[in-house]
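Here the structure comes first, spelled out in structure tokens, and everything after it is commentary.
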Amino acid sequence: MKKLLTILLCSTFILGVATGCGKEEEKDTKEPEVQEKSKGKCEVAECMKELNPEMKVEEINEIIGFEGEKAEGTEKYIWQLTEKTKIEAEYTNGKGSIKATYNKDDLKNENVKISLCYDILNHIKEQTYTYEEMVEKLEGVEGNLESYSPTSKMYSWVNKDGQTFRATFSDSLKGKASIVTIR
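Quick note on the working numbering: the sequence shown kicks off at 9 and runs consecutively.
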């Protein structure tokens with residue numbers, strides 16, 4: 009009888025160890041990601057709202073808060089705000105265009121419904137939208153200004169899964185979207 013009791017106790021112990029019984033769950037020791045602060049006076053989205061393609065490099069330097077680095081052999085200037093964000097201005101024949109690079113993870117928005125974006129994409133030939141009309145169609149979700157030229161603006165919306173919807177609004181079409189894409 010003693011032998012049977014010993015075998016049962018050992019079996020229970022082995023079964024408990026094998027199935028993890030009594031084992032504490034490991035706590036998530038991963039530290040929360042801290043958003044890197046901009047080196048400039050503003051974050052990339054805030055800076056983009058204040059800039060326009062008619063501005064000279066000196067004016068952009070003043071708004072951003074430091075001098076942009078000129079790319080060798082070009083009229084392109086880069087303001088690296090954080091490791092993952094920057095603003096670029098390029099001048100061709102005296103006309104500027106401004107482009108922002110965002111940290112895509114910071115743009116993810118659970119309110120962006122990709123089904124609405126596909127609806128716009130599938131009907132863009134029949135129905136075009138101004139930026140304001142596009143925001144209304146997307147149930148009030150504002151876009152992120154990605155680029156700004158003398159003739160157009162491009163905005164993007166990123167859903168919670170990282171899918172990106174982009175729309176380019178052209179001055180030649182009275183501010184209506186001329187190109188839309190989903191990636």
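Backbone N, C-alpha and C define an ideal beta-carbon position, used for all residues, glycine too. Computed from a predicted structure; not experimentally measured.
Between the CA atoms of residue j and residue i - distance to the nearest angstrom
i      : j      : result
Ile68  : Val120 : 31 Å
Pro61  : Asp127 : 31 Å
Met142 : Lys116 : 18 Å
Val149 : Glu98  : 29 Å
Gly151 : Arg191 : 15 Å
Lys78  : Thr90  : 17 Å
Glu144 : Tyr137 : 10 Å
Tyr139 : Glu58  : 17 Å
Ser155 : Thr100 : 15 Å
Lys64  : Gly76  : 12 Å
Glu96  : Asp113 : 20 Å
Lys184 : Trp87  : 30 Å
Leu129 : Thr189 : 7 Å
Tyr110 : Glu134 : 31 Å
Helix, strand or coil at residue i according to DSSP, with G and I counted as helix
i      : result
Leu153 : strand
Lys145 : helix
Gln171 : coil
Glu140 : helix
Proximity test, Cβ basis, 7 Å: residue i and chain D
i     : result
Phe74 : In summary, chain D is missing from the structure at hand, where a single protein chain is found.
Identity of the residue in the options nearest residue i by Cα
i      : options                       : result
Ile122 : Thr82, Lys168, Asn101, Lys133 : Lys168
Ser46  : Thr93, Ser178, Leu129         : Thr93
Arg174 : Pro158, Ile132, Ser180        : Ile132
Ala53  : Gly170, Tyr85, Glu80, Ser164  : Ser164
Which residues DSSP lists as bridging residue i, in chain order
i      : result
Thr176 : Met162, Ile187
What are the start and end residues of each continuous alpha helix (DSSP H) run of 4 or more residues lying completely inside the segment 57 to 137, in chain order? Given a length threshold of 4 residues, each whole run of the alpha helix (DSSP H) inside the segment 57 to 137 is given here in chain order: 65 to 72, 112 to 115, 122 to 130.
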